[in-house]
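Structure first, commentary second.
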Amino acid sequence: MGNVLPIPGPEWCDDGGAGAISDAGGLHLHQLRLHAEYGGVVRFQLPGAGVAVSVSDPLVLEQTARIDERPASLFAFLEPLCEAGNLQVIGAEEHGPWRRVLLEVFAGRPSHERHFGEFVSLVEEVAERWGGAGGDAVPLQKDLTALSLRMICAYALGGVGVGVGSEVVRAEDVVDAFEVVLSGDDGTEQQTSLDYLRSTVDRVIAAREESDRGADRSDLIGALLAAGTTPARIRDTVMVTMLAAHHTTGVAVSWTLHLLGRHPEVAERVAAELDRVLGERSAPDYGDLRELTYLEMVLKESMRLYPPGPYGAREATEDMVLDGADGTYEIPAGTTVFYPFWAVHMNPDHWPEPAKFVPERFTPEAVAQRSRFAYVPFGLGPRSCEGAGLAMVEAQLTLAVLLKRFRFRPVAGHEVTPVERFVLWAADDIPMVVTPRAVGD
Ligand code: HEM
């Protein structure tokens with residue numbers, strides 16, 4: 003460990019940091035600039051948090067990976083979705099057992115297999131519609147985020163005889179209500195939709211209790227019931243799951259198709275792999291996903307360049323000493339540690355020519371040579387994404403069905419511009435023209 007240095011960073015401004023972010027053209031460009039100028043650990047003004055320490059050096063990220071607390075002020079906007087405490091910031095003693103139940107369901111093969119057929123049918127509905135577009139461009143982002151909302155509704159509320167598609171829950175009603183809740187227009191319509199969603203979860207809980215499916219490890223509500231979770235916390239979990247799973251998985255797929263449209267040689271290799279593994283079949287089964295190794299590399303590289311969740315944050319729970327490539331720093335307990343996941347993925351010390359789309363960065367050999375924390379699309383440590391495994395299954399199967407059937411071409415003259423919202427969004431969607439392809443085509 004070297005001498006402890008003050009954490010470098012720009013001059014203090016009276017506007018709380020908003021001006022510097024807007025001058026840079028957004029938070030990501032601001033982060034890239036700060037880390038290029040000051041190194042892998044930077045002190046900066048973050049609106050809403052006062053001062054924060056941003057970390058783009060994977061080796062320092064690793065040293066912070068055990069922090070198990072988020073700064074409440076940055077996540078206060080999610081409070082209205084929760085009745086039993088904001089799930090993003092509940093304390094470690096409550097969060098740990100909750101996380102374990104979620105992981106058991108979301109990361110477990112039984113739940114992936116159980117929902118796989120339904121997921122494929124939902125993707126095929128979109129593909130049918132796109133197939134009939136007759137040469138008109140289709141709005142990838144809009145259609146694919148709607149698709150991932152349908153998938154997660156089926157997943158979070160579905161179940162044998164009591165879920166989405168049954169007389170207990172109508173999928174369209176749930177999807178519509180959730181869209182209203184997310185629309186951001188505070189008001190009675192939003193409250194009515196939230197009430198409707200909560201009462202829907204209650205009806206599913208009641209039906210589950212009656213059908214005695216509580217111990218089914220592949221069923222989210224069943225697993226939460228079996229773990230003794232209160233009804234309010236179950237309602238919150240469904241709401242937060244829908245929020246966390248919906249736009250993220252949708253944009254992971256739309257950014258991937260965007261990149262493939264601009265790299266036809268990579269798209270050709272994906273198509274050849276799909277033809278080899280699936281033959282004349284139009285959709286994979288669960289076991290096929292393991293064979294689609296190049297597709298997986300393409301998806302990972304796309305989430306490096308366009309991470310659906312571009313930022314994270316923690317609050318240091320004790321005084322810490324961070325040993326980085328540029329120096330050793332102390333941060334006191336209570337410091338907001340900011341994670342610029344996007345800038346981490348563009349760190350030139352770990353990613354040569356970081357702006358280039360190169361799926362071969364994700365061969366097993368290349369991965370083994372890199373710090374594990376250089377690639378963090380699902381975050382890190384005890385607050386990382388519990389849905390990572392499920393998201394990969396959803397995204398891979400969606401891409402497999404769509405790329406087996408279609409070729410994607412960008413619309414000439416349409417500029418695709420990333421903007422940072424709750425997820426990494428494309429400002430005016432990603433319109434593309436789809437044309438059918440046959441095996442070997
Ligand atoms: C490609 C799709 C997805 C991406 C890129 C993504 C990314 C992320 C990121 C970056 C975080 C914050 C992690 C951190 O602070 O270290 C997060 C949290 C979370 N995600 Fe995801 N996510 C995706 C899909 C999903 C899905 C499908 C689900 C559920 C089925 C899900 C559930 C969650 C939950 C519950 C949290 C909160 C974690 C906690 O506080 O314990 N996500 N996700």
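Following my numbering, the numbering of the sequence shown begins with 3 at its first residue and continues without gaps. Ideal Cβ positions, reconstructed from N, Cα and C, are used throughout, including at glycine. Note that this is a predicted model, so its numbers are computed, not measured.
Please confirm if the segment 222 to 230 is in contact with the segment 103 to 112, defined as three or more CB-CB distances below 8 Å between the two stretches. In short, these stretches touch, since the Cβ pair count reaches three.
In the structure shown, what three-state DSSP assignment does alanine 393 receive? Counted from its first residue, the sequence shown places residue 393 at position 391. In this structure, alanine 393 counts as helix in the three-state DSSP scheme.
Quick one: which unbroken alpha helix (DSSP H) runs of 4-plus residues sit fully inside the segment 61 to 147? Chain order, please. Correct list: 94 to 108, 111 to 133.
Give the secondary structure of glutamine 398 by DSSP, where H, G and I count as helix, E and B as strand, and everything else as coil. Within the sequence shown, the letter at position 396 stands for residue 398. Glutamine 398 falls in the helix class under three-state DSSP.
So is the beta-carbon of serine 386 under 7 Å away from any non-hydrogen atom of ligand 1? Here the question's residue 386 lines up with position 384 in the sequence shown. Checking the Cβ of serine 386 against ligand 1 gives yes.
What are the start and end residues of the alpha helix (DSSP H) that includes leucine 36? As a first step, residue 36 must be located in the sequence shown, where it is residue number 34. 29 to 40 is the extent of the alpha helix (DSSP H) around leucine 36.
Proximity test, arginine 102 beta-carbon vs ligand 1 heavy atom, cut-off 7 Å: By 1-based counting over the sequence shown, the position of residue 102 is 100. No, since every heavy atom of ligand 1 falls outside the 7 Å radius drawn around the Cβ of arginine 102.
Assumed close pair proline 361, valine 300 - CB separation to whole angstroms, cut-off 8 Å: Taking the sequence shown and counting its residues from 1, one reaches residue 361 at position 359. Taking the sequence shown and counting its residues from 1, one reaches residue 300 at position 298. Indeed, because the Cβ distance is near 5 Å, the residues count as touching under 8 Å.
Please state if the CB of valine 43 and the CB of valine 57 are separated by a distance shorter than 8 Å. Indexing the sequence shown from 1 puts residue 57 at position 55. Indexing the sequence shown from 1 puts residue 43 at position 41. Taking 8 Å as the Cβ cut-off, valine 57 and valine 43 qualify as a contacting pair.
According to the Cβ coordinates, are isoleucine 69 and arginine 374 closer than 8 Å? Position 67 of the sequence shown holds residue 69. Position 372 of the sequence shown holds residue 374. For isoleucine 69 and arginine 374, no; Cβs fall outside 8 Å.
Segment limits, alpha helix (DSSP H) that includes methionine 305: Looking up residue 305 in the sequence shown gives position 303. Unbroken alpha helix (DSSP H) run through methionine 305: 295 to 307.
Is alanine 319 near ligand 1 - that is, is its Cβ less than 7 Å away from at least one heavy atom of it? On the sequence shown, position 317 is the one that residue 319 refers to. Note that residue 319 is threonine in the sequence shown here, rather than alanine. No, the beta carbon of threonine 319 sits no closer than 7 Å to any heavy atom of ligand 1.
Buried or exposed for glycine 21, please, with buried defined as at least 16 other CB atoms from any protein chain shown within 10 angstroms of its CB. Counting from one through the sequence shown, the residue named residue 21 turns up at place 19. With fewer than 16 other Cβ atoms within 10 Å, it is exposed.
Helix or strand or just coil, what does DSSP make of threonine 337? One-based indexing of the sequence shown puts residue 337 at position 335. Residue state, collapsed to three classes: coil.
Have a look at threonine 319 and glutamate 388 and give me their C-alpha separation to the nearest angstrom. Within the sequence shown, the letter at position 317 stands for residue 319. Within the sequence shown, the letter at position 386 stands for residue 388. Going by the C-alpha atoms only, they are around 22 Å apart.
Are the segment 283 to 302 and the segment 110 to 129 touching by the rule of at least three beta carbon pairs closer than 8 Å? Counting C-beta pairs with one atom in each stretch, the segment 283 to 302 and the segment 110 to 129 have three or more that are closer than 8 Å, which means they touch.
Could you check what DSSP says for threonine 330 in three-state terms: helix, strand or coil? Taking the first residue of the sequence shown as position 1, residue 330 is located at position 328. Here threonine 330 sits in strand by DSSP.
Can you tell me which of the three DSSP states aspartate 443 falls into? Stepping through the sequence shown from its first residue, residue 443 is reached at position 441. DSSP places aspartate 443 in coil when its eight states are reduced to three.
Measuring from the CB of glutamine 90, is there a heavy atom of ligand 1 at a distance below 7 Å? Against the sequence shown, residue 90 aligns to sequence position 88. A distance criterion of 7 Å places the beta-carbon of glutamine 90 in contact range of ligand 1, judged by its closest non-hydrogen atom.
Candidates Glu127, Asp221, Val91, Pro412, of which the one nearest arginine 206 by Cα: Within the sequence shown, the letter at position 204 stands for residue 206. Note that residue 206 is valine in the sequence shown here, rather than arginine. Comparing Cα-Cα distances from valine 206 to each of Glu127, Asp221, Val91, Pro412, the minimum goes to Asp221.
Consider the Cβ of alanine 370: report whether some Cβ of chain D lies at a distance smaller than 8 Å. Among the protein chains of the structure shown there is no chain D, as only one such chain exists.
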